[in-house]
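Asker:
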């Protein structure tokens with residue numbers, strides 16, 4: 004049990020800087036007279052802040068170091084797995100297959116209950132999809148590039164943990180949307196994501212370093228999505244206002260309506 008406690012302590016310590024981030028200023032969004040969001044307006048562009056990527060880079064760096072290490076880091080992977088399997092050899096709860104999506108589901112549940120986040124549901128959905136695409140592509144290529152054997156020897160795609168990456172991607176998504184409303188809502192998502200990673204180890208599907216690196220990939224994917232999405236959105240929208248006029252006309256025996264204006 005000492006090693007299990009140590010595992011949680013190390014994992015929690017690496018994530019604690021995420022909880023200490025400063026809350027950015029509240030951003031407002033243009034609405035029309037009916038209170039509806041104006042889809043043609045650009046959402047505010049976020050500035051790239053290298054400091055916000057320190058935590059995910061450290062988590063990913065630890066994972067890569069452990070993959071090729073033959074000393075203490077590898078021993079921690081082996082001893083953690085041995086401890087978990089010794090205490091729970093028949094553990095086979097697969098709630099982690101669904102728990103990874105819980106923080107993202109919370110964003111929609113909160114919106115539908117009237118607690119609005121930073122973005123409207125359309126933009127929030129596109130941000131989540133963008134995050135998932137970045138996470139999916141990056142973890143896919145790394146899994147096949149590294150080719151690490153899973154602890155249960157069921158495949159050579161152990162590094163990094165995709166379930167954990169998905170969970171922390173969703174947790175960062177929840178954090179980004181609600182950190183200005185109530186920071187504890189976002190923090191709750193990280194606890195759920197940590198539980199997902201822990202269950203992956205209990206199910207003997209991943210090494211400790213797989214889970215740590217997965218957390219880094221997930222957090223980084225969402226942070227990148229929030230940086231690039233406003234620029235992608237601006238390509239497909241325009242700030243020009245549509246003006247048009249409909250006028251009746253009669254010419255050479257023909258009568259009808261004439262539409263003119265700028266689109």
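Residue numbers (the working numbering): 4 to 266.
Just so it is clear, CB atoms sit at the ideal spot from N, CA and C, and this is done for glycine as well.
How far does the alpha helix (DSSP H) with residue 114 in it reach, from first residue to last?
Answerer: 105-115
Asker: Just to confirm my understanding: we take residue 110, look at its own chain, exclude 5 residues before and 5 after, and list those with CB closer than 7 Å. What are they?
Answerer: 120, 127, 176, 177 and 180
Asker: Comparing alpha-carbon positions, which option in 133, 96, 238 and 143 lies nearest residue 205?
Answerer: Minimum Cα distance to residue 205 is reached at 96.
Asker: Would you mind working out which of 56, 112 and 138 sits nearest residue 224, comparing C-alpha positions?
Answerer: 138
Asker: If you check the beta carbons only, do residue 171 and residue 221 fall under 8 Å apart?
Answerer: Yes, the Cβ-Cβ distance between residue 171 and residue 221 is below 8 Å.
Asker: Let me know if residue 210 comes out buried or exposed under the rule of 16 or more other beta-carbons within 10 Å of its beta-carbon.
Answerer: buried
Asker: At a cut of 8 Å, does the region 186-198 reach the region 98-110 through at least three beta carbon pairs?
Answerer: yes
Asker: Excluding the 5 residues flanking residue 188 on each side, which residues of the same chain have their C-beta closer than 6 Å to its C-beta?
Answerer: Correct list, in chain order: 181.
Asker: Between which two residues does the alpha helix (DSSP H) carrying residue 143 extend?
Answerer: 124-149
Asker: For residue 25, collect the residues of the same chain with a Cβ closer than 6 Å to its Cβ; drop the 5 residues on either side in sequence, then sort them by chain order.
Answerer: Reliability fails at residue 25, whose pLDDT of 36 lies under 50, so the model's placement of it is uncertain and no value is given.
Asker: Kindly indicate the opening and closing residues of the alpha helix (DSSP H) around residue 187.
Answerer: Its alpha helix (DSSP H) spans residues 186-205.
Asker: Between the C-alpha atoms of residue 173 and residue 134, what's the straight-line distance to the nearest angstrom?
Answerer: Cα-Cα distance, rounded: 9 Å.
Asker: Assuming residue 157 is part of the alpha helix (DSSP H), what are its boundary residues?
Answerer: Counting along the chain, residue 157 falls outside any alpha helix (DSSP H), and DSSP gives it neither H nor E.
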